[in-house]
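Structure record follows, encoded as structure tokens.
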Amino acid sequence: MKAFAAAVGVFVCLALSARAAEEKIDLSGKYTVVSGKKNGADIDKTAKKATYTATADAFTIAGGDKKFVFSYRLKPGTTPVEIDMVVAEGPDGTKGTLAVGIIEQKGDTLKLAYSLDKEKRPKDFDGSAGYLIELKKEK
344 MKAFAAAVGV FVCLALSARA AEEKIDLSGK YTVVSGKKNG ADIDKTAKKA
394 TYTATADAFT IAGGDKKFVF SYRLKPGTTP VEIDMVVAEG PDGTKGTLAV
444 GIIEQKGDTL KLAYSLDKEK RPKDFDGSAG YLIELKKEK
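Going by the numbering used here, the sequence shown runs without a break in its numbering and finishes at 482.
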């Protein structure tokens, strides 16, 4: 009986994992910055005024006189969900830059933690290393 219960438990876990991997995460929309950190320090006022617009495959960040467009790819089977972003458009010398991170979506709130060092993907949302941005989706 214990073996049967264990087998059922494993099956349920595998089924839930497969379902989570198949779920489509929809980031589409326009967001405003709630808070942010860069290497543990709060981001400046200019960065807080930036707007983030997401489509099915790109993030556009516009603030001040700068604009970045990142293509992105999510890995929904991971916990937290991993995201890889590549600068498609941006100031000179930034095109092709890779950022690795994690993302969490709860209702209208989106948290994005990322690093420009491909070897240092954040493991949590504390913002101590790299970047942490908390966004609120506009209605």
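Here a beta-carbon is modelled for each residue, glycine too, at the ideal position from N, C-alpha and C.
Under 8 Å between C-beta atoms of residue i and residue j
i           : j           : result
residue 425 : residue 452 : no
residue 374 : residue 449 : no
residue 397 : residue 379 : no
residue 434 : residue 409 : yes
Cα-Cα separation between residue i and residue j, rounded to whole angstroms
i           : j           : result
residue 402 : residue 384 : 23 Å
residue 417 : residue 427 : 7 Å
residue 386 : residue 420 : 30 Å
residue 407 : residue 393 : 7 Å
residue 440 : residue 482 : 31 Å
residue 468 : residue 415 : 19 Å
residue 446 : residue 395 : 14 Å
residue 437 : residue 370 : 23 Å
residue 422 : residue 473 : 19 Å
residue 391 : residue 405 : 11 Å
residue 381 : residue 429 : 19 Å
residue 454 : residue 475 : 7 Å
Whole-angstrom C-beta distance between residue j and residue i, which should lie under 8 Å
i           : j           : result
residue 412 : residue 399 : About 14 Å separates the two Cβ atoms, so there is no contact after all.
residue 458 : residue 444 : 7 Å
Simplified DSSP assignment, three categories, for residue i
i           : result
residue 480 : strand
residue 389 : helix
residue 470 : coil
residue 371 : coil
residue 459 : coil
residue 475 : strand
residue 345 : With a pLDDT of 42 at residue 345, under the threshold of 50, the modelled position of that residue is not reliable, and no figure is offered here.
Alpha helix (DSSP H) runs contained entirely in the region 381-457, provided each spans 4 or more residues: 388-391
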